[in-house]
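So the structure is just underneath, and the comments pick up after that.
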Amino acid sequence: SDEEELKDVEPIDGKYELPTGTHLVILNDWKEGHEKGDLVIQGVAGNFCRIDNQSSKNVRVQQGSSHLMIRWGGGPLRIEVPETVSMLKVSTKGGNISVKQIGCEMNLKILAGNLEMFDLVKNFRAKTMGGNIALILSKVWQGRARVHTMGGNITLSIPREASLQVEAATMG
């Protein structure tokens, strides 16, 4: 089976070392009545993932040979994602997400929250229900993207230097 065993891990000097090719998964598991929180994801050089969770509740980090999974239960959360990550998957309910300078492929799903993505360079998929999506491509954009929202708007900013094709459809 390709179910990888994940074990709870603690940070070393406030960070987690991620080998090249790591898949990073970020989930919230908010319970009724807990405060929701915004998520900021920032791409960084090197191979260390840092999590600023001083204002967050119930953060749990699990790691396997090729995956790191971060779950949190409320409050704002900021995560630095190193360039060794090859795939980023995010699934949240409530709260807004901001993604900046991530150099890997991404798959993002948000229920009842807005999504902002800056300096995009690689393939990504993004889906919201009840939220807006703002995309800002980088000058070196190369790849494919699929973006979908129900009950929200999509804004796309394209640098003059970028060469790409855009297909759009709307219902209602």
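FYI, in my numbering the residues of the sequence shown are -5 to 166.
Don't be surprised by glycine CBs; every beta carbon is placed ideally from N, CA and C.
Counterpart residues of residue 66 in DSSP-defined beta bridges
Beta-bridge partners of residue 66 (DSSP): 22.
Given this structure, state the Cα-to-Cα distance separating residue 131 from residue 92, to the nearest angstrom.
Taken atom to atom, the span from the alpha-carbon of residue 131 to that of residue 92 is near 14 Å.
Mind the definition here: the stretch 6 to 21 touches the stretch 74 to 84 only if three or more C-beta pairs lie below 8 Å; say whether that holds.
A contact between stretches requires three or more CB pairs, one per stretch, nearer than 8 Å, and the stretch 6 to 21 meets this requirement with the stretch 74 to 84.
Let me check one thing: in DSSP terms, what residues is residue 111 bridge-paired to?
Residue 111 has 93 and 129 as its beta-bridge partners, per DSSP.
Residue -5 to residue 162, Cα distance in whole Å?
At residue -5, the pLDDT of 38 sits below 50, so the modelled position is not reliable; the number obtained from the coordinates is stated separately. Taking the straight line joining both Cα atoms gives about 38 Å.
Can you give the Cα-Cα distance for residue 36 and residue 164, rounded to whole angstroms?
Going by the C-alpha atoms only, they are around 30 Å apart.
Excluding the five sequence neighbours on either side, which residues of its own chain have a C-beta within less than 7 Å of the C-beta of residue 44, listed in chain order?
Contacts found: 8, 9 and 74.
Nearest chain D C-beta to residue 145 closer than 8 Å, yes or no?
Reference to chain D is not applicable here, since this structure consists of a single protein chain.
In chain order, what residues of the same chain lie with their CB nearer than 7 Å to the CB of residue 148, ignoring the 5 residues before and after it?
Within the same chain, and ignoring the five residues on either side of residue 148 in sequence, the residues whose Cβ sits closer than 7 Å to its Cβ are 127 and 141.
Measure the Cβ-Cβ separation of residue 78 and residue 107 and say whether it is below 8 Å.
For residue 78 and residue 107, no; Cβs fall outside 8 Å.
Per DSSP, what are the beta-bridge partners of residue 79 in this structure?
Under DSSP, residue 79 forms a beta bridge with 16.
So, using beta-carbon positions, are residue 112 and residue 99 closer together than 8 Å?
No. Outside cutoff.
Chain-order list of residues whose beta-carbon lies under 6 Å from that of residue 65 (same chain, five-residue window excluded)
Exclusion of the five residues before and after residue 65 leaves 21, 23 and 54 as the residues of its chain whose Cβ lies within less than 6 Å of its Cβ.
If you compare alpha carbons, which of 31, 47 and 159 is closest to residue 139?
The shortest Cα separation from residue 139 among 31, 47 and 159 belongs to 159.
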